[in-house]
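Okay, structure first, notes after.
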Amino acid sequence: MIRSGETTAVNWLPWGHEAFGKAREENKLLFVSIGYPACRGLVLLERELFWDTAFIELVNSRFVPVRMDREMLPATDFVYMTAAMAIRKEGGWPNNMFLTPSLDPVLSVGYGKPPDIVKVMNDVDALWLKSDSTVRTHAAHVGKVIKIHLETVDKAREEKDPDLEKLRSSMDIKQGGFGAEAKFPMVGAMEFLLMESNDDGFVKLTLDKMSRGGMFDHVGGGFFRCTVDRNWGKPQFEKLLCDNALLASLYSQAALALDDGDYEFTARKTLEFIEREFGSGLDGGFAGSIGDDGAEDGEYYTWSMEEARKVAQDDQFLEEYGITEKGDISLIEEAGSIPKITQTGKSIPRRIGVTLRAEALARMKKAREARRGIFLDGKVIAAWQGMAISAFARAAVTLDDSHYLAVALRAGEFAIQTIGWSHCVSDGKREGRINLEDGAYLAMAYWDLFEATGEEKWLAACRDMTDASKEKFATGDGGYFMVENSEGLIARPRNYEDQPYPSAAAVLGRVDWRLSIALGRTERAKDAADTAINLLLSLNGGGMLGGEAMSLHREVFSPTVEILYSFAENELDKRRWVQSGHHRKWGTVRIPLGAVSLNRVLSFGRKQTEVSRAFVCFNSSCDVPARSPDELETMLDKLETE
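Numbering (the working numbering) for the sequence shown: 2 to 643.
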């Protein structure tokens, strides 16, 4: 968590046996500060609390201080974020947990000013000194409740199909997105709606709001984590690889499904940003995040009207990107019990007009690069690497771009050769055990590389990663645990919700379903169906946090259409073929011919030729080949009417 070159007087220990043993031997509570490098609240906590004399003296003498990067231990973070929600009825990072030596949760506090947190620490310590047995008993009860909640499924619930109305009930039909306050890019839900094709108006509204509002960085490219307001105006100034990779994939798919050039533009700008900012110097790997450590929130990204006018040299730009004297960025400060809101006179560019004003944006980008106030967290997380591979591989297919395929292949080689079966690579070293998210998203990445290339290598890598993940993380009833075992945990949590990104259990199920068709293995289809049932049971039909599970259920329980592609080496219009083969009615699997382990029922007698062809197969029964994109489209239309 501490960036290079920094020191601290707090005797921090990493999460692990040394800290646990010290707490037991000295009969002390652990003070565990959980966050992630790009978290603005953690940046402030580092500056204000961790250098405060009273805090340092107290935490070193009366507690065992531990710092944890949630990105390194996502399951541990999930357990204690669940505890925070139970204890203080709200979550978010930093999450500062007081734990007993048995790791049971006593109390959680978020970001706060040093005097306030020190007071809480003194109060907790006084309770511990007065009666540690009482504190232990209460914390053990909380821990037991959390364990039951995270490890079990309510068997009394009835099996459900995807509940579209439950999802619709959380839609913000005026501003787009979900919920009525802060807005996050709920990619799983958006992909389900894109597949379902019944709410295209809402999908377009949301895509437009995200890409034209304050969540998208119009100057430098890429998406911020979220916006803190309902109308997508003020972003939380951090950029994560996972968000950008998932959104690049979403926009490239939307460009295909909705035939919208603006979505293609957003996808390309986001992929360009990922490659430039996250991929530089890592030989195929992608760094994790870009954080904001300026003196003021968003200082690097915001502009006064005077600054913007001087740099952009385009008054029309000011109007079309919402730059005003008043500004749209405010700071909230605590003044006793009443929050004080201060308008800063700074604006975050938002595209209000119809034109891009590219020259003005380029001038602003050049000027902004001379500023300080951001930092890069360079660790390569396996799951996020997988998301990035998928984004480039899918865009290579949907946008027919050979450069994206080259990036995806290089990133795939990095995943196999450098990441291997570890959780991440930091400073060139492998760290941590692979978890469910890593396995699921890498398996999907390898599938997407197979779909883009037809190479046996990637199909085999996908199969091996899927099988290993099922062996390590399966619960036995169709569900999946987040980690291989419960070592160092008070609970071994299951994975089902799309939080903070699409459910890894559902992603793995979707990969297994594709493999069932490509390899001709019906038991894989059954496993995927069991996962779909288990997840929707846990989610009571799905909803805003169940989009990926809803997509899985729709795929495995819909009629299956397989499209077998055989492209000629000199084919110049792959994109037209893919567009013609796109359909939103069925569960569709695109399979390029060529891999030796493909299901013989699908591949027998169908070889690559000098002329591009596509076979439409319905539940593995294939028609005569289509010899043009128009023929392929006609065949699918005919299939729909039968």
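Positions of the beta carbon are idealized from the N, C-alpha and C atoms, including for glycine.
### Task
Name, in chain order, the residues that DSSP records as bridge partners for F616.
L565
#### Entry: From V312, D499, D329 and E456, residue whose alpha carbon lies closest to that of S567
E456
### Message
Rounding to the nearest angstrom, what Cα-Cα distance links V426 and L565 in this structure?
### Response
36 Å
### Range covered by the beta strand (DSSP E) that runs through C425
In the DSSP annotation of this structure, the continuous segment of the beta strand (DSSP E) that includes C425 starts and ends at S423 to S427.
### Message
Just verifying my parser: in three-state terms, what is the DSSP assignment at M172?
### Response
strand
### Query
Can you tell which of I518, A529, K639 and L633 has its C-alpha closest to the C-alpha of V602?
Proximity to V602 across I518, A529, K639 and L633 peaks at I518, based on C-alpha coordinates.
### Task
Could you check how far apart the C-beta atoms of M445 and V512 are, in whole angstroms? I think they sit under 8 Å.
5 Å
### Task
Determine the direct distance from the alpha carbon of D263 to that of A336, and round the result to whole angstroms.
Caution applies to A336, whose pLDDT of 49 falls short of 50 and renders its modelled position unreliable; the model cannot decide the point.
### Query
Are the Cβ atoms of A453 and I275 separated by less than 8 Å?
Not closer than 8 Å, so no.
### Query
If we count Cβ pairs, one from each stretch, closer than 8 Å, do we get three or more for the stretch 458-470 versus the stretch 51-58?
With a cut-off of 8 Å, the stretch 51-58 and the stretch 458-470 do not count as touching, because too few Cβ pairs lie within range.
### Query
Just the Cα atoms here: how many angstroms apart are G328 and A550?
41 Å
### Message
Taking the beta carbon of M2 as the centre, do at least 16 other beta carbons fall within 10 Å, making it buried, or is it exposed?
### Response
Because the pLDDT of M2 is 44, which lies under 50, any placement of that residue in the model is unreliable, and the number read from its coordinates should be weighed accordingly. By the 10 Å Cβ count, M2 comes out buried.
### Task
Tell me, please, which residues DSSP counts as bridged to D293.
I375
### Task
Determine the extent of the alpha helix (DSSP H) in which M216 is found, giving its start and end residues.
Per DSSP, M216 belongs to no alpha helix (DSSP H) and is neither H nor E.
### Query
Does the stretch 423-443 come close enough to the stretch 396-411 to have 3 or more Cβ pairs within less than 8 Å?
no
#### Entry: Candidates M365, Q254, L272 and A441, of which the one nearest E1 by Cα
Nothing about residue 1 can be reported from this structure: the residues present for the chain run from 2 to 643 only.
### Message
Taking 8 Å as the cut-off, does the stretch 189-199 touch the stretch 497-516 (at least 3 CB pairs, one atom from each stretch)?
### Response
A contact exists between the stretch 497-516 and the stretch 189-199.
### Message
Taking its Cβ as the centre, do 16 or more other Cβ atoms sit within 10 Å of A313, making it buried, or is it exposed?
### Response
buried
### Query
Mind checking whether A1 and D439 have CB atoms under 8 Å apart?
Here the chain has residues from 2 to 643 only, and residue 1 is not among them.
### Query
Within this structure, are the beta carbons of R464 and L546 separated by less than 8 Å?
no
#### Entry: Rounded separation between F393 and S250 - CA only
8 Å
### Task
Could you please give me the residues that DSSP links to N97 through a beta bridge?
Paired residues: S34 and V110.
### Query
Is it right to say L14 is buried, meaning 16 or more other beta carbons lie within 10 angstroms of its own, or is it exposed?
buried
### Query
In this structure, does DSSP put W587 in helix, strand or coil?
Correct three-state label for W587: coil.
#### Entry: Exposure label - A84; buried when at least 16 CB within 10 Å
Burial call: buried.
### Query
Nearest CA to the CA of L195: which residue from P626, K586 and V597?
K586
### Query
Residue ranges of each alpha helix (DSSP H) run of no fewer than 4 residues wholly in the stretch 115-152, ordered along the chain?
115-131 and 133-152
### Message
L450 and Y497 - do their beta-carbons sit closer together than 8 Å?
### Response
It is not a contact, given that the beta carbons lie outside the stated cut-off.
### Query
In the DSSP assignment, what residue or residues form a beta bridge with I382?
C425
### Message
Helix, strand or coil for L1? Go by DSSP, reduced to three states.
### Response
There is simply no residue 1 to check, as the chain begins at 2 and stops at 643 in what is shown.
### Query
When DSSP builds the beta bridges, which residues end up paired with C623?
C618
### Query
Going by other Cβ atoms of all chains shown within 10 Å of its Cβ, with 16 needed for buried, is G22 buried or exposed?
exposed
### Task
To the nearest angstrom, report how far apart V625 and E632 are at their CA atoms.
C-alpha separation (whole angstroms): 11 Å.
### Query
What residues in its chain sit with their C-beta under 7 Å from that of R373, if we drop five residues either side in the sequence?
Excluding sequence positions up to five before and after R373, its CB lies less than 7 Å from no other CB in the same chain.
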